[in-house]
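J.: In mature numbering (1 follows the signal peptide of the UniProt record, and there is no 0), the protein residues as written are -18 to -1, 1 to 404. Beta carbons are placed, not taken as given, at the ideal position from N, Cα and C, and that holds for glycine. Model, not experiment: these values are computed from the prediction.
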Ligand SMILES: *[C@@H]1O[C@H](CO)[C@@H](O)[C@H](O)[C@H]1NC(C)=O
Ligand SMILES: *[C@@H]1O[C@H](CO)[C@@H](O)[C@H](O)[C@H]1NC(C)=O
Ligand SMILES: *[C@@H]1O[C@H](CO)[C@@H](O)[C@H](O)[C@H]1NC(C)=O
Ligand SMILES: *[C@@H]1O[C@H](CO)[C@@H](O)[C@H](O)[C@H]1NC(C)=O
Ligand SMILES: *[C@@H]1O[C@H](CO)[C@@H](O)[C@H](O)[C@H]1NC(C)=O
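1. In the segment 324 to 371, which residue ranges form an unbroken beta strand (DSSP E) of at least 3 residues, counting only runs that do not cross its ends?
2. Please return the same chain residues whose Cβ sits closer than 8 Å to the Cβ of residue 390, not counting the five positions on each side in sequence.
3. Whose C-beta lies closer than 8 Å to the C-beta of residue 155 among residues of the same chain, with five residues either side of it excluded?
4. Counting pairs of Cβ atoms below 8 Å between the segment 77 to 87 and the segment 159 to 177, do you hit three or more?
5. Just to confirm my understanding: we take residue 45, look at its own chain, exclude 5 residues before and 5 after, and list those with CB closer than 8 Å. What are they?
6. Is residue 49 buried or exposed, if buried means 16 or more other CB atoms sit within 10 Å of its CB?
7. Is it buried or exposed, residue 406, if we count other Cβ atoms within 10 angstroms and call 16 or more buried?
8. Taking residue 308 as the reference, which of 357, 231, 362 and 301 has the closest Cα?
9. Report yes or no: do the segment 138 to 148 and the segment 183 to 197 share at least 3 C-beta pairs separated by less than 8 Å?
10. Report the partner residues of residue 206 according to the DSSP bridge assignment.
11. Going by DSSP, what residue range makes up the alpha helix (DSSP H) through residue 268?
12. Do residue 347 and ligand 5 come close, with the Cβ less than 8 Å from some heavy atom?
13. Report, in whole angstroms, the separation of the C-beta atoms of residue 258 and residue 272, which I expect to be a contact under 8 Å.
14. Check the C-beta distance from residue 237 over to residue 100 and give it rounded, since I have them as a contact under 8 Å.
15. Compute every distance between the C-beta of residue 135 and the non-hydrogen atoms of ligand 2, then say whether any falls below 8 Å.
16. Could you give the DSSP three-state label for residue 322: helix, strand or coil?
17. In chain order, what residues of the same chain lie with their CB nearer than 7 Å to the CB of residue 359, ignoring the 5 residues before and after it?
18. Can you give the Cα-Cα distance for residue 228 and residue 285, rounded to whole angstroms?
19. Residue 315: beta carbon under 8 Å from a heavy atom of ligand 5?
20. Please give me, in chain order, every unbroken run of the alpha helix (DSSP H) with length at least 4 that falls completely inside the segment 101 to 172.
21. Residue 168: which of 92, 334 and 128 sits nearest, CA to CA?
22. Any heavy atom of ligand 5 closer than 8 Å to the beta-carbon of residue 360?
23. To the nearest angstrom, how far is it from the Cα of residue 73 to the Cα of residue 157?
24. Which runs of the alpha helix (DSSP H), 4 residues or longer, sit entirely within the segment 222 to 273?
25. Following a CB-centred definition, is residue 194 positioned closer than 8 Å to any heavy atom of ligand 1?
26. What distance in whole Å lies between the Cβ atoms of residue 17 and residue 317, which are believed to be in contact at a cut-off of 8 Å?
27. Leaving out the 5 sequence neighbours to the left and right, which residues in its chain are closer than 6 Å to residue 230 when beta-carbon positions are compared?
28. Using the Cβ count rule (16 or more neighbours within 10 Å means buried), how would you classify residue 366?
29. Heavy atom of ligand 6 less than 8 Å from the Cβ of residue 114, yes or no?
30. Please list, in chain order, all residues of the same chain as residue 159 whose beta carbon is under 7 Å from its beta carbon, the five residues on each side excluded.
31. Considering only the alpha carbon of each residue, which of 194, 297 and 243 lies closest to residue 234?
32. Can you name the start and end residues of the alpha helix (DSSP H) that residue 291 belongs to?
33. With a 10 Å radius around its C-beta and 16 neighbouring C-beta atoms as the bar for buried, classify residue 312 as buried or exposed.
34. In angstroms, rounded to a whole number, what distance separates the CA positions of residue 172 and residue 395?
35. Taking a contact to mean a Cβ-Cβ separation below 9 Å, would you say residue 25 touches residue 97 in this structure?
36. In the DSSP assignment, what are the bridge partners of residue 58?
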C-alpha cells in the first residue's frame, strides 16, 4: 500500500494492469459460518403455510422438497427485536422464540438508563407503548411527558424514556406488544391497539425486559451471534453533562469485551455514520463487521446520494450496508419479476456486503401490497399473495447476495436458509 501510494499515476496504471485481478479484500467475518448452537430448532407451521401459498414453479418445488428435513440455526436468519410478530419485542420470551425458530443472530437495540446502564429497547423513548410503565403510577410520574387522554381534537399522548428511570426501575416493568391506541381515554385503553395480525397471546404474563448485559449472557448461552444497535439518543448529548456519544458507543463494545465474546460474533449496527466510523477507528476488531443502517434511501434524492457514496464508504473501511428491503429490489423492465436495484448493484460493485430489514413486519402481504407498504414499495406490483414472501427472500439471497435478513418471525428465513444451505 505504501509503495503504491508513492508511485506516479502512470506507473500505477502500468503496475496494476500487469498484475492479475486483485483477490477480494479479506473480511474478518465468514458468511455462511454456522453458529455453534445445539438448539433443537423448531419452525412451527408458518413457513409451511407460506410455501403452500406460493405460485407454482421451481422455487416452490425446491422449498417443498425441504419440508421434512431437520432444521438448524442459521446466521442468515436474524431475529429482529427477537420474534415480535407474536412476542413482546426485546423480552426474554421474544429472544427465546427467535432462538428456537433458528435465528443465528439476535438483535438487542441499545438505549441507556438514567444511571447509564444499557438496556434493550427499540427506541430510547418508547416505554409508553412497549411496556406497562403508564400503569405504574410512581414510574409513570417520572416520564418525560405524562399521559394525556385523547379529547375531541387531539390524540392521546405520552413520552417515557429509558433515560427517565434507573436500570433497577426498568427491570420492574413488563414488556408488551409494540402498540398504542391514540383514541384512548385512559391508560388501559392506551396500552391496547395491537394489530389483529399480531397477537396479545404472550402479553398477559409479565414478559421480562432485558439489560444489554443480560441479552449477551442469554444469546451466548445458545452459542448464537449478536447484533446490538446503538439507538440514537433522544436526549441532548453529552447526557448529564459528561456522557458523550463516544462514551456510549464505547460502552456497547466494552460489554462484549467484559463478557469475553469474540468480536467475530458481534455485528454492531447504527443509523448514525459517525458511530460506525467510531468503531472502525477505535475498535477495529468490532468495526470490521459494523453494519451501516442506511435510511438515506427513504427519499428519491437520498437514494441517489446513497448509491453515489458507496465507493467512498468502502474506502473508509465500511464493509456492510443495511438498507430496508425495498431499496434493494426493483421490478424487471418487462414488469413480471423482482430484480436487484441500482443500490444492490452499486454495493456489489463497491465490494460491500449487505444485510437487510425487515421481513414479517408488514402483516399479510396482500394488504402490504395494497398499501404499498414501506418494505415492499418497490415490488408491490408483483406481490399479491403471502407466499410471494419467499420470492422476495430468494431474490435477496441469490441475486442481491445478502449476508442475512432481519425478520420479525425468524422461522420463515430459517426455513429458506436451511433449504438452500445458507
Ligand atoms: C429468561 O428466561 C429463562 C427461561 O424462562 C430463565 O431461565 C432466565 O432466568 C430468564 N432470564 C432473564 C434475564 O430474565
Ligand atoms: C385537546 O387537547 C389539546 C392538547 O392537549 C388541547 O390543546 C385542546 O385544547 C384540547 N381540546 C379540548 C376540546 O379539550
Ligand atoms: C377506561 O375507559 C373505558 C371506556 O370508557 C372503561 O370501560 C374502562 O373501565 C376504563 N378503564 C379504567 C382502568 O379506568
Ligand atoms: C459525570 O457527571 C456526574 C454528575 O452529573 C458525576 O456524578 C460523575 O462522577 C461524572 N463522571 C465522570 C466520569 O466524570
Ligand atoms: C428500476 O428499473 C428501471 C428499469 O426497468 C430503471 O429505470 C430504474 O432506474 C430502476 N430503479 C432502481 C431503484 O433500481
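T.: Quick look at the numbers:
1. Along the segment 324 to 371, the beta strand (DSSP E) occurs as fully enclosed runs of 3 or more residues at 335 to 341, listed in sequence order.
2. Only 62, 63, 65, 66, 67, 340, 341, 342 and 343 meet the Cβ criterion.
3. When the five nearest sequence neighbours on each side are left out, the beta carbons in the same chain lying within less than 8 Å of the beta carbon of residue 155 are those of 109, 113, 114, 115, 118, 121 and 191, in order along the chain.
4. The segment 77 to 87 is not in contact with the segment 159 to 177.
5. Closer than 8 Å at Cβ, skipping near neighbours: 33, 36, 372, 397, 398 and 401.
6. A residue is called buried when at least 16 other Cβ atoms come within 10 angstroms of its Cβ; residue 49 does not meet this threshold and is exposed.
7. Missing from the structure shown is residue 406; the chain here goes from -18 to 404 and no further.
8. That would be 357, whose Cα lies nearest to the Cα of residue 308.
9. Contact between the segment 138 to 148 and the segment 183 to 197 is absent, because fewer than three Cβ pairs lie under 8 Å.
10. DSSP output for residue 206 lists no bridge partner at all.
11. That run of the alpha helix (DSSP H) goes 266 to 269.
12. It does not: the Cβ of residue 347 is nowhere closer than 8 Å to a heavy atom of ligand 5.
13. Their Cβ separation, rounded to whole angstroms, is 5 Å, which keeps residue 258 and residue 272 in contact under 8 Å.
14. Rounded, the Cβ-Cβ distance is 6 Å, consistent with contact.
15. It does: the Cβ of residue 135 is within 8 Å (strictly closer) of some heavy atom of ligand 2.
16. If DSSP states are grouped into helix, strand and coil, residue 322 belongs with the strands.
17. Same-chain partners within the cutoff: 308.
18. For residue 228 and residue 285, the distance between alpha carbons rounds to 28 Å.
19. Under cutoff, so the answer is yes.
20. Taken in chain order, the complete alpha helix (DSSP H) segments of 4 or more residues contained in the segment 101 to 172 are 109 to 112, 119 to 122, 149 to 152 and 169 to 172.
21. Taking only the C-alpha atoms, the option nearest residue 168 is 128.
22. At least one heavy atom of ligand 5 is nearer than 8 Å to the Cβ of residue 360, so yes.
23. If you take the alpha carbons of residue 73 and residue 157, they lie about 6 Å apart.
24. Taken in chain order, the unbroken stretches of alpha helix (DSSP H) that lie wholly in the segment 222 to 273 and span 4 residues or more are 227 to 240, 255 to 264 and 266 to 269.
25. No, since every heavy atom of ligand 1 falls outside the 8 Å radius drawn around the Cβ of residue 194.
26. Contact annotation, residue 317 with residue 17: C-beta distance approximately 40 Å; criterion of less than 8 Å not satisfied.
27. Once the five neighbours on either side are set aside, residue 230 has no close Cβ partner at all.
28. Looking at its Cβ environment, which holds fewer than 16 other Cβ atoms inside 10 Å, residue 366 is exposed.
29. Because ligand 6 does not appear in the structure shown, any question about it cannot be addressed here, the ligands present being ligand 1, ligand 2, ligand 3, ligand 4 and ligand 5.
30. Here residue 159 has 70, 176, 180, 182 and 185 as same chain residues with Cβ atoms under 7 Å from its own Cβ, once five neighbours each way along the sequence are excluded.
31. Out of 194, 297 and 243, the CA that lies nearest to the CA of residue 234 is found in 194.
32. Residue 291 -> alpha helix (DSSP H) spans 282 to 297.
33. Buried: at least 16 other Cβ atoms inside 10 Å.
34. Rounded to whole angstroms, residue 172 to residue 395 spans 33 Å at the Cα level.
35. Contact flag unset, no.
36. DSSP links residue 58 through a beta bridge to no other residue.
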